Structure formats: C-alpha cells, structure tokens
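Visitor: Read top to bottom, the protein sequences are chains Z and H.
Under the numbering used here, the very last position in the first sequence is 133; numbers go up by exactly one each time.
Under the numbering used here, the very last position in the second sequence is 133; numbers go up by exactly one each time.
Glycine included, C-beta positions come from ideal geometry on N, C-alpha and C.
A quick note: this is a predicted structure, and the numbers were derived from the prediction, not measured.
Before I ask anything, let me first share the structure, which is written out below as structure tokens.
Number of protein chains: 2
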Amino acid sequence: MQRYFTITQLTQEFDITTRTLRFYEAQGLVSPTRRGRQRLYTHGDRTRIKLILRGKRLGFSLNDIREIIEMYASDPGETGQLRLLLDRISARREELLEKQRDIELTLLELDEVESGARTRISELEAGLSREKV
Amino acid sequence: MQRYFTITQLTQEFDITTRTLRFYEAQGLVSPTRRGRQRLYTHGDRTRIKLILRGKRLGFSLNDIREIIEMYASDPGETGQLRLLLDRISARREELLEKQRDIELTLLELDEVESGARTRISELEAGLSREKV
DNA sequence: CAACATATTGACTTTAACGTAAAAAGCCTG
DNA sequence: CAGGCTTTTTACGTTAAAGTCAATATGTTG
C-alpha cells in the first residue's frame, strides 16, 4: 500500500479537478503535507476528501462539512463541551433523517410515474393507440 | 378549503421570501395565475413548491428539480419518449439510492462519535479525570 | 542539459440562487 | 381621496464553489 497520493491521483480517483482540491485546502478542509512545494496526501487526507464529497452529494455546504468533520476530529476534555457535541450530533442526525424521509417520498413518486409510463407503453404496444383506451 | 394562496401566505408557511418565489417563477418552476398583477397560487402550485423545497433539501439544483418536476408532469404520447422517461427515472432512482447509502454511512459515523463522547462523559463523571483512564 | 510535462500560485471570471433597494402600482381605511 | 400598507418590477449586489488563464517552478527523460 502506498504511503502518499499525489494530487492528480486523487483527482482521477474522485473525478474532481486540482483546482477543487486546492480550494478545499484553502478552506482548511484538508492539509496535505509537502515535499518541496508538492502536495502529498496521506490516507487520512484521502478519507477526508471522501467525507467531503459524500457531504456534497447530500447537499451540505462546505461550511457544514467542515463542522461535521471537526465533530469527528474533536477531542473535548470537559463535560460541557462533550454535551455540546452531543447536541450537534443529534441536530445533524435530525437533518439526515429528514433527508431520508425526503428520499423515501421521492422514490415513491418515481415508482408511480414509472408504473404509469409502463401502463401506457403496454397499451400502445397492444395497438390500442386509437385514443381514449 | 381555500381556492388560492397569496404569496405571503406561502412564504410564511414554507419560511422562504417573496424573492425566492418570484425567482422560482422566473425559472419556470411555478406559474401562479394572476388577479390583476397579483399572484394567486393554487394547491397545485403549492405542491410544486413543496417538491422544489424537498429537492433542495436533498441537494438537487433548481435545474435538476425542474427536470424531475417535468418528469412528473410529462405525458409522452409515443413509446420512444416513454422509454426515455423510464431511463430518466432509473437514473434519478440511482442517485437517490446513492444518497441513501451516504446517509446510512454518515449516521453510523455519528453513532460512533456519540458513543465515544458518552464514554468520556461517564468517565469524567466517575471522577476518573486524572488523565489516562 | 534542453525540452517537455507536471505542479503551484495568484488573479480574474463564472454560475446558481438568491438578497437588497428603489420606484411605481394596487388596494383598503378612515 | 390622502395616507399607509402590500405587491410588483427592475436593476444591481452578494456569496459559495469552483473554472480559467498566465506566470513560475519543479521534475524527468532522452
């Protein structure tokens, strides 16, 4: 297993541009180490990038994503901070559950549209295309 | 049940601004009728708005949403068009299923962070706060 | 080492999705 | 019907998330 990934390896793997990865770095979402000026991404960096892209697919902004990632990485020493973390977690969980419900609804609607379309196709194929079946 | 909704009623119900609704109209996503210059939204319009907002929560762009809504409303007369519709439906379904998986993963990660946090809280409350438990 | 590709940096541009502000129109209400 | 409110229209501004382009720098290969 290789120790480091280059920027182009990652752009190819995730189908994003170098500009995107540098932008994420400027936003403090990843911090690849350097060999000279060149960026070297560790497996940890790669995992972070996966998290970012997953967040994007779910419609989270980069700021949201930053907060989520920081939750993962945070290591609060006192109870108050830990309780605050628990609150944030449950807020995020609520959001995700709402998205799940939204998806369920949309899938159901797609099912309806699909079965409607299938019905009409079979009508047409049965030669019943003389209006008003 | 009322026949029409005013723009402000809908902005209040959905917690969006009039600017947003007019913007959606300019994008061809809703087409309220008019009484003079005033916009009157039907129940159908209201449903569309719900669809739009649901799409947004799932991270779809307004263009995506337009296409999805057009799928719902489309009434293609010939088999070729219907098959194309079926393709679009299954593509959208794939996207949604991917989002579902993304959500599952994220929920699992949140569970882990949460249980870690709970563990540390109980350690702290047990008075074991003298480093290295 | 010259040539050529690859990487970095910085500046400017673009696109989506609204926000904000100003002016005019419409419509109650005393 | 004057004053005040909401609504509409028009136009310009803003923000997030990159895209594009040009100038260097670095690396590598014959």
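Taking 9 Å as the threshold (beta carbon to beta carbon), is Ile7 (chain Z) in contact with chain H?
Guide: no
Visitor: Return helix, strand or coil for Gln38 (chain H), following the three-state DSSP convention.
Guide: strand
Visitor: For Thr17 (chain H), I'd like the list of residues in its chain whose CB is within less than 8 Å of its CB, leaving aside the five on either flank, ordered along the chain.
Guide: Thr11
Visitor: In this structure, does DSSP put Phe14 (chain H) in helix, strand or coil?
Guide: helix
Visitor: Taking Tyr72 (chain Z) and Leu40 (chain Z) to be in contact with their CB atoms under 8 Å, please state how far apart those CB atoms are, rounded to whole angstroms.
Guide: That pair is no contact at about 22 Å.
Visitor: Just to confirm the assignment, what range does the alpha helix (DSSP H) spanning Thr119 (chain Z) have?
Guide: 79-125
Visitor: Which of helix, strand or coil does DSSP assign to Phe23 (chain Z)?
Guide: Looking at Phe23 (chain Z) - three-state DSSP - the assignment turns out to be helix.
Visitor: With DSSP run on the structure shown, which of helix, strand or coil describes Thr166 (chain Z)?
Guide: The requested residue 166 (chain Z) does not occur in the structure, where chain Z is confined to residues 1 to 133.
Visitor: Please check if any C-beta of chain H sits within less than 9 Å of the C-beta of Ala117 (chain Z).
Guide: yes
Visitor: Is the Cβ-Cβ distance between Leu82 (chain H) and Ala117 (chain Z) less than 9 Å?
Guide: A Cβ-Cβ contact shorter than 9 Å links Leu82 (chain H) with Ala117 (chain Z).
Visitor: Give the interface partners of Tyr72 (chain H) over in chain Z, defined as CB-CB distance under 8 Å, in chain order.
Guide: Neighbours of Tyr72 (chain H) in chain Z, taken as residues at a C-beta separation under 8 Å, are given in chain order as Glu109, Val113.
Visitor: Could you tell me which chain Z residues have their CB closer than 8 Å to the CB of Leu58 (chain H), listed as they occur along the chain?
Guide: Leu58, Gly59, Lys99, Asp102, Ile103, Thr106
Visitor: Measuring CB atoms only, is the segment 77-97 of chain Z touching the segment 103-114 of chain H, in the sense that at least three cross pairs come out at less than 8 Å?
Guide: Contact holds: three or more Cβ-Cβ distances are below 8 Å.
Visitor: What in chain Z is Cβ-close to Ile89 (chain H), meaning under 8 Å?
Guide: Leu110, Val113, Glu114, Ala117
Visitor: Just to confirm, is the Cβ distance from Leu29 (chain Z) to Arg66 (chain Z) under 9 Å?
Guide: It is a contact, given that the beta carbons lie within the stated cut-off.
Visitor: For Arg19 (chain Z), I'd like the list of residues in its chain whose CB is within less than 6 Å of its CB, leaving aside the five on either flank, ordered along the chain.
Guide: none
Visitor: Please confirm whether Ile69 (chain H) and Ile52 (chain H) have their CB atoms less than 9 Å apart.
Guide: yes
Visitor: Given this structure, state the Cα-to-Cα distance separating Asp64 (chain H) from Glu13 (chain Z), to the nearest angstrom.
Guide: 25 Å
Visitor: Spatial neighbours of Leu58 (chain Z) within its chain, please: C-beta separation below 7 Å, excluding the five flanking residues on both sides.
Guide: Lys99
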